[in-house]
Amino acid sequence: MPPKKQVSMKKPTEEIDDGTHESNMLAELAANPSTETAVVLAAIGEMSQKMDVRFNSLDATLKANQATLDEHETRLSDVEHASSAHDGRLSAVEQQVKRLEDANKALLEKVIDLEARSRRQNIKIVGLPENVENGRPADFVANLMLALFGRENFSKPVEVDRAHRLGSLGSATATAANKPRS
Numbered sequence: 001m002p003p004k005k006q007v008s009m010k011k012p013t014e015e016i017d018d019g020t021h022e023s024n025m026l027a028e029l030a031a032n033p034s035t036e037t038a039v040v041l042a043a044i045g046e047m048s049q050k051m052d053v054r055f056n057s058l059d060a061t062l063k064a065n066q067a068t069l070d071e072h073e074t075r076l077s078d079v080e081h082a083s084s085a086h087d088g089r090l091s092a093v094e095q096q097v098k099r100l101e102d103a104n105k106a107l108l109e110k111v112i113d114l115e116a117r118s119r120r121q122n123i124k125i126v127g128l129p130e131n132v133e134n135g136r137p138a139d140f141v142a143n144l145m146l147a148l149f150g151r152e153n154f155s156k157p158v159e160v161d162r163a164h165r166l167g168s169l170g171s172a173t174a175t176a177a178n179k180p181r182s
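The opening position of the sequence shown corresponds to residue 1 in the working numbering, with each subsequent residue numbered one higher.
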């Protein structure tokens, strides 16, 4: 048997990322072919292919994750922009609601005052039987006032703008607002 050539396996003092050291070792083994060397070269080649597949898979996964991260960053930026726009719109709406509440309060006070003023000359007569006014409630009330208080107590003729009946307080047909009946 011929003596086997020994392959020097020097440990590198520096590793080069681009695979130069591995290429040098493979070139040295290829230059000294033998059965064992061929087996080792085949195993290294197979392992290199497996690692390439794994690295390619990892690279694809990293690229997909980076794309997803970039998409999320874009969406987050859009959400932050929309949020600040909505904050501005919300504060404008809150200011408008405050103005409308103030205006509503002022208008409600005016309505209450006007209703109170319009009721100052109202008379409520209770206890009259139904249909005693014969279809002319304003004339009936004017004549009733003259009869009750006397014509001498009025310097001018009694004017009744409107007269109407309200449902009885205890009746089931009376509405909550006691709408007038004619």
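All C-beta atoms, glycine included, are put in the ideal place defined by N, C-alpha and C.
In this chain, the alpha helix (DSSP H) harbouring K63 covers 35 to 118. Secondary structure at R136: coil, using DSSP grouped into helix, strand and coil.
A residue is called buried once 16 or more other Cβ atoms fall within 10 Å of its Cβ, and V141 is buried on that count. Around the C-beta of P137, 16 or more other C-beta atoms lie within 10 Å, and the residue is accordingly described as buried. If you draw a straight line from the Cα of I123 to the Cα of H164, it comes to about 11 Å.
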